Amino acid sequence: MGGSIPMTREAYQRKRDEVEHMEKVQMPEIAEKIAAAREEGDLKENAEYHAQREAQGMLQAKINQIKGDLSRAQIIDTSNIPKDEVAFGATVKVLDLDFDDEEEMTLVGSGDEDYDAGKYLITSPIGQGLLGRKVGDEVAIEVPSGTLKFKVLEIRYE
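Right under this line is the structure:
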């Protein structure tokens, strides 16, 4: 199943709220649709019934997955993290040494990732490669598409 999942208190609460909405709103809606489809008669050829049962199963699987994540959540308090090195919650400005291009990325926990917005999971190859680095450090990070070479230019916590 895996180890602990680092996340902020906000991400944890967002996931709990999402599960509550699925259990208290979405599941009852699907149950009503299943009951209505069941009243249509023969279940063998009732496409709506089968579609709703499938939707119910997929929603339950998603609920179970999120609950599993929550049970393994490790809430990170960013207030006691050293500010001179890359750690959870850091926004890091790096220079891509191959392309001479500056990039900013923020290391986040599960539930906060958004790669298009530069928010990378702390457990990702990039997150792990930057972890513990300081301004001026150069690092080579193995990713599925090859090796990325960065120089850490700035570290900040917001």
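Quick note: the sequence shown, position 74, residue 74 per this note's numbering, numbers continuous.
For glycine and all other residues, C-beta sits at the position ideal for the given N, C-alpha and C.
None of the values given here were measured: they were computed from a predicted structure.
Excluding the 5 residues flanking it on each side, Asp69 has same chain C-beta neighbours closer than 7 Å at Ile5, Lys15, Ser110, in chain order.
By DSSP's assignment, Phe150 forms a beta bridge with Asp96, Val139. DSSP places Gln60 in the uninterrupted alpha helix (DSSP H) bounded by 47-71. A contact is defined here as three or more CB-CB pairs under 8 Å, and the stretch 40-51 fails this definition with respect to the stretch 102-117.
Counting C-beta atoms within 10 angstroms of its own C-beta, Phe99 has fewer than 16 neighbours from the protein chains shown and is therefore classed as exposed.
Annotation: Ile76 to Arg9 spans about 7 Å, alpha carbon to alpha carbon. For the pair Ala73 and Tyr120, the CB atoms are not nearer than the 8 Å cut-off.
Secondary structure of Arg14 (DSSP, three-state): helix.
In the three-state scheme derived from DSSP, where H, G and I count as helix and E and B as strand, Ile126 is classed as helix. In this structure the stretch 91-98 does not lie against the stretch 25-32, because fewer than three pairs of beta carbons, one per stretch, are closer than 8 Å.
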